[in-house]
Amino acid sequence: QVQLLESGGGLVQAGGSLRLSCAASTRTYALGWSRQAPGKGREFVATINWGSGSTYYADSVKGRFTISLDNAKNTVYLQMNNLKPEDTAVYYCTARSSAYTAYDYWGQGTQVTVSS
Numbered sequence: 095q096v097q098l099l100e101s102g103g104g105l106v107q108a109g110g111s112l113r114l115s116c117a118a119s120t121r122t123y124a125l126g127w128s129r130q131a132p133g134k135g136r137e138f139v140a141t142i143n144w145g146s147g148s149t150y151y152a153d154s155v156k157g158r159f160t161i162s163l164d165n166a167k168n169t170v171y172l173q174m175n176n177l178k179p180e181d182t183a184v185y186y187c188t189a190r191s192s193a194y195t196a197y198d199y200w201g202q203g204t205q206v207t208v209s210s
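Each residue of the sequence shown is one higher than the one before, counting from 95 in my numbering.
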C-alpha cells in the first residue's frame, strides 16, 4: 500500500503561482498529478518516473507547470505558474507501483481555485 498526502492548494488570481506537494509513504515506480474540474472528467496533468526522472505533461500545462521529485523526502512537487481560471480543479496526487500497473494509488485531493 502507498499512502499519499497532498498539500498546497488554495485560491490565487489569474497569472499567479502555487506549488503543490505530495508526500509518499514509500518509493514507487512513478508519481503524478491529475485534476478534475466541476462537471468534467479526470485529466492527467503531469507525471514523473522515479528511476529515470522522465516526465510527461498535458498540452494544456506545458511551459507553465513543472513536476519534480525530492528523493530524500519521497515527495513530488507540482510548481504551477501563470495560472488560468481553467486550471481550477481538485488536484490529486497519484502513484503507480510498476510499469505494468495503472496509477492505482490516489491522494485525497486538494482544491486549486484561480480567479479571473
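We treat Cβ as the ideally placed atom computed from N, Cα and C, and that holds for glycine.
Backbone CA spacing between SER255 and LEU98 [nearest angstrom]:
This structure leaves residue 255 out entirely; the chain is present only between 95 and 210.
Can you tell me the Cβ-Cβ gap for TYR151 and ALA140, rounded? I've got them flagged as a contact below 8 Å.
Yes, TYR151 and ALA140 are in contact; Cβ-Cβ is about 5 Å, under 8 Å.
Check whether the Cβ atoms of SER111 and LEU177 lie closer than 9 Å to each other.
In contact: SER111 and LEU177 (Cβ atoms closer than 9 Å).
In the structure shown, what three-state DSSP assignment does ASP153 receive?
Three-state result, ASP153: coil.
Residues of its chain near GLN107, where Cβ-Cβ distance is below 6 Å and the 5 sequence neighbours each way are ignored
Scanning its chain for C-beta atoms nearer than 6 Å, with the 5 sequence neighbours on each side dropped, one finds around GLN107 the residues SER209, in chain order.
Grab me the residues of ARG113's own chain with a C-beta within less than 8 Å of its C-beta, minus the 5 sequence neighbours each way, in chain order.
Contacts found: GLY102, TYR171, LEU172, GLN173, MET174.
Let's test the definition: count the other Cβ atoms within 10 Å of the Cβ of THR195 and tell me whether it reaches 16, buried, or not, exposed.
With fewer than 16 neighbouring CB atoms inside 10 Å of its own CB, THR195 falls in the exposed class.
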